[in-house]
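Per our numbering, the sequence shown runs over residues 80 to 154. Worksheet: the structure to be examined is printed underneath.
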Amino acid sequence: MSYRRFRSSSAFSEVQSIVLRLIKENPEGLKQAQIASFLGIPRAKDNNWITYYVLKDMVERGLLIKNDHKTFLLA
């Protein structure tokens, strides 16, 4: 599945909803690896691209911010 198709899928929206809930439960913020771990996405090889693109889209849409410590927080 291409990134474009994934981004427009209901799975992408569902993952973003889970990420928002997770960060609301952790107001001090979370790093990408922590979020991927919670989602059950393995860190090995290229599998973390899913988390990368979900978080990148959320930052671009103004839902999250990424600070200098590479921690994601609610915007």
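In this text, a Cβ means the ideal position worked out from N, Cα and C, and glycines have one as well.
Can you give the beta carbon distance from residue i to residue j, rounded, assuming they're within the 8 Å contact cut?
i, j, result
"Asn146", "Leu152", "6 Å"
"Thr150", "Leu109", "7 Å"
Taking residue i as the reference, give the member of the options with the closest Cα.
i, options, result
"Ile144", "Ser88, Pro121 and Gln111", "Gln111"
"Ser96", "Thr150, Trp128, Leu134 and Glu139", "Leu134"
Between the alpha carbons of residue i and residue j, how many angstroms are there, rounded?
i, j, result
"Asn105", "Glu93", "19 Å"
"Leu101", "Ala90", "16 Å"
"Tyr132", "Ala115", "11 Å"
"Thr130", "Ile120", "8 Å"
"Arg140", "Phe117", "22 Å"
"Trp128", "Ser88", "16 Å"
What residues match up with residue i in a beta bridge as DSSP calls it?
i, result
"Leu152", "Ile144"
"Leu109", "Phe151"
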